[in-house]
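First comes the structure, then the notes that go with it.
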Amino acid sequence: MMIVSIATGIGLQQKIRQKVSAFNGHIIISGYNDNNSDVSTKPISIQQSFYPNFKNVDGIQHVQAVASKAGFIRTESAFEGIIFKGVGNDYQTENLKEYLTEGRLPNFKSNLNEEVLISQYLCNRLGLKLGDKFVTYFMKENDEGFNLRNFKIVGIYNSGFQEFDASYVIGDIRHLQRINKWKPDQIGAFEVFVNNFTQIEPIGQQVYQETSSILDSQTIVEKYYYIFEWLKLFDFNIIIILIVMIAVSTINMVVALLVLILERTQMIGILKSLGANNWSIRKVFLYNAAYLIGRGLLWGNVIGIGLLLIQKYFGIIKLNPESYYVNVAPVDINLFYIFLLNIGTVVICLLVLLIPSFIITKITPSKSIRFE
Numbered sequence: 211m212m213i214v215s216i217a218t219g220i221g222l223q224q225k226i227r228q229k230v231s232a233f234n235g236h237i238i239i240s241g242y243n244d245n246n247s248d249v250s251t252k253p254i255s256i257q258q259s260f261y262p263n264f265k266n267v268d269g270i271q272h273v274q275a276v277a278s279k280a281g282f283i284r285t286e287s288a289f290e291g292i293i294f295k296g297v298g299n300d301y302q303t304e305n306l307k308e309y310l311t312e313g314r315l316p317n318f319k320s321n322l323n324e325e326v327l328i329s330q331y332l333c334n335r336l337g338l339k340l341g342d343k344f345v346t347y348f349m350k351e352n353d354e355g356f357n358l359r360n361f362k363i364v365g366i367y368n369s370g371f372q373e374f375d376a377s378y379v380i381g382d383i384r385h386l387q388r389i390n391k392w393k394p395d396q397i398g399a400f401e402v403f404v405n406n407f408t409q410i411e412p413i414g415q416q417v418y419q420e421t422s423s424i425l426d427s428q429t430i431v432e433k434y435y436y437i438f439e440w441l442k443l444f445d446f447n448i449i450i451i452l453i454v455m456i457a458v459s460t461i462n463m464v465v466a467l468l469v470l471i472l473e474r475t476q477m478i479g480i481l482k483s484l485g486a487n488n489w490s491i492r493k494v495f496l497y498n499a500a501y502l503i504g505r506g507l508l509w510g511n512v513i514g515i516g517l518l519l520i521q522k523y524f525g526i527i528k529l530n531p532e533s534y535y536v537n538v539a540p541v542d543i544n545l546f547y548i549f550l551l552n553i554g555t556v557v558i559c560l561l562v563l564l565i566p567s568f569i570i571t572k573i574t575p576s577k578s579i580r581f582e
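Whatever position you read off the sequence shown (first residue = 1), add 210 for the working numbering.
The structure is reproduced here in structure tokens:
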């Protein structure tokens, strides 16, 4: 139970972090007026000291330029509001390959084309399929009419994160530059990826200090505060489960040791009468308890890891994406955590068992030999 709770809890946290960062990066650098919005309203220059390589801050993996604009898709039977995310040839497409269900990723490195990546959710709502073309309407800056663009679906993704699946259509950033009448070196924002997510907050502070006064930076932990606060609850749940399971296991072992001591009361008296001291006798029972704990851990590890492997490769347990942001319960099989869990369980159980083994010191040879 402890292995499964840790693997599923950490697995869910990592999967949701991965999905949020796949669509936003780990740190977003934008103009102050755009910082709290998914839509780019005013451009910023791509000519920045930190682009394309953020040399002044350690731990940064990649920086990419993006832009976003709100619009809506209209078909013969339905229409849906969307956010068109424009990306360029520096975009890390590997982040989306995992969620690709049909087709391929658009080609952002060739001449400007109509290729886009759209979610399965939007396809179902709009009655679209791979290879279809559709019209997207973008509001003009002066609110006078619309700009129309035709796009072709070359890929369909399904991240299971409905907040993103219901909004994002990914295409070439040059479309937005033309619609907004931006220059080729003007973009909406920069997305920064870090090597180690656990260091996102200190790295985010360094990034903020290294950007110019006209730019602002925000980590995804700050932008999606409600999601990451919810994820922190899993840490609390894991701790509670570990405490309860260790308490149950130690109580069971204490009872088992007491039974062993009562069953061997005469043997204890005989050993004492032959000159054995209390500690040497206690060690015999502690060694026996350690053997029982080892057998329990062996079977627990086999069953626990076996269940996790089945879930990892077959995805038997499904989740509601509207509540958990994933379709299948993810697992993270970390051998280091499993090793620490086993060692910690053995140490805690043996330390607790020192208390009932103290009963051995109270047993006298004269009474114990006659004990029945």
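The C-beta atom is built at its ideal place from N, Cα and C for all residues, glycine as well.
- Item | residue 347 - partner residues in DSSP beta bridges | The residue you call residue 347 lines up with position 137 of the sequence shown. Residue 347 is bridged to 282, 358.
Should residue 521 be flagged as near chain C, meaning a C-beta pair shorter than 8 Å?
This model lacks chain C altogether, as it is built from one protein chain only.
| query | Between 285, 253, 300, 409, which lies nearest to residue 275 when the distance is taken from Cα to Cα? | reply | What you label residue 275 is simply residue 65 of the sequence shown in a count that begins at 1. Answer by Cα proximity: 300.
> Is the Cβ-Cβ distance between residue 548 and residue 213 less than 8 Å?
Replying inline: As a first step, residue 548 must be located in the sequence shown, where it is residue number 338. As a first step, residue 213 must be located in the sequence shown, where it is residue number 3. Their beta carbons are under 8 Å apart, which means residue 548 touches residue 213 by this criterion.
Whole-angstrom distance between residue 392 and residue 535, CA atom to CA atom: Translated into the one-based positions of the sequence shown, residue 535 becomes position 325. Translated into the one-based positions of the sequence shown, residue 392 becomes position 182. Taking the straight line from one Cα to the other gives about 35 Å.
Can you tell which of 218, 220, 241, 225 has the C-alpha that lies nearest to the C-alpha of residue 423? As a position in the sequence shown, residue 423 is number 213, starting the count at 1. Per the Cα distances, 241.
Suppose you measure from the CA of residue 412 to the CA of residue 295; what does that come to, to the nearest Å? The residue you call residue 412 lines up with position 202 of the sequence shown. The residue you call residue 295 lines up with position 85 of the sequence shown. Near 28 Å, if we compare the C-alpha coordinates of residue 295 and residue 412.
Q: Rank 480, 227, 211 by C-alpha distance to the C-alpha of residue 407 and give the top, closest one.
A: Numbered from its first residue, the sequence shown carries residue 407 at position 197. Answer by Cα proximity: 227.
Query raised in the report: Apart from the five residues just before and just after residue 429, which ones in its own chain have a Cβ nearer than 6 Å to its Cβ?
Result: Looking up residue 429 in the sequence shown gives position 219. Hits under 6 Å: 237, 410, 414.
**Request:** Give a yes or no on contact between the segment 548-557 and the segment 503-517, applying the rule of three or more CB pairs nearer than 8 Å.
**Result:** In this structure the segment 548-557 lies against the segment 503-517, because at least three pairs of beta carbons, one per stretch, are closer than 8 Å.
Close-in-space but distant-in-sequence residues of the same chain around residue 264 (CB under 8 Å, 5 per side omitted):
As a working mapping, residue 264 is identified with position 54 in the sequence shown. Excluding positions up to five away in sequence, the list reads 270, 273, 402, 417, 420.
Can you give me the C-alpha to C-alpha distance between residue 520 and residue 224, rounded to a whole angstrom? For the purposes of this step, residue 520 is taken as residue 310 along the sequence shown, with counting starting at 1. For the purposes of this step, residue 224 is taken as residue 14 along the sequence shown, with counting starting at 1. Between residue 520 and residue 224, the C-alpha separation is close to 19 Å.
key: residue 588 vs residue 460 beta-carbon contact at 8 Å   = Nothing about residue 588 can be read from this structure; the chain reaches only from 211 to 582.
| said: Within 10 Å of its beta-carbon, does residue 571 have 16 or more other beta-carbons around it, so buried, or fewer, so exposed? | reply: What you label residue 571 is simply residue 361 of the sequence shown in a count that begins at 1. Classification for residue 571: exposed.
| said: Let me check one thing: in DSSP terms, what residues is residue 429 bridge-paired to? | reply: Reading the sequence shown from its first residue, position 219 is the one you call residue 429. 237, per the DSSP bridge assignment.
Original post:
Quick one: Cα of residue 279 to Cα of residue 386, how far?
Top reply: Residue 279 sits at position 69 when you count from the first residue of the sequence shown. Residue 386 sits at position 176 when you count from the first residue of the sequence shown. Residue 279 and residue 386: Cα-Cα distance of roughly 7 Å.
| message | Whole angstroms are fine: how far does the CA of residue 229 sit from the CA of residue 431? | response | The residue you call residue 431 lines up with position 221 of the sequence shown. The residue you call residue 229 lines up with position 19 of the sequence shown. Computed Cα separation, rounded: 13 Å.
Discussion item. Let's see if you can read the secondary structure: which residues bound the alpha helix (DSSP H) around residue 438?
Written reply: The residue you call residue 438 lines up with position 228 of the sequence shown. For residue 438, the enclosing alpha helix (DSSP H) stretches over residues 435-473.
_Which residue marks the beginning of the alpha helix (DSSP H) containing residue 562, and which one marks its end?_
Stepping through the sequence shown from its first residue, residue 562 is reached at position 352. Per DSSP, residue 562 belongs to the alpha helix (DSSP H) from 545-567.
Item to complete: Would you mind sorting residue 329 into buried or exposed? The rule is 16 or more other CB atoms within 10 Å of its CB.
Response: Translated into positions along the sequence shown, residue 329 becomes position 119. Label assigned to residue 329: buried.
Burial state of residue 561 (16 or more Cβ within 10 Å): In the sequence shown, the residue the question calls residue 561 occupies position 351. Classification for residue 561: exposed.
field: Closest residue to residue 531 among 293, 499, 216, 331 (Cα-Cα distance)
entry: Taking the first residue of the sequence shown as 1, we reach residue 531 at position 321. Checking every option, the nearest Cα to that of residue 531 belongs to 331.
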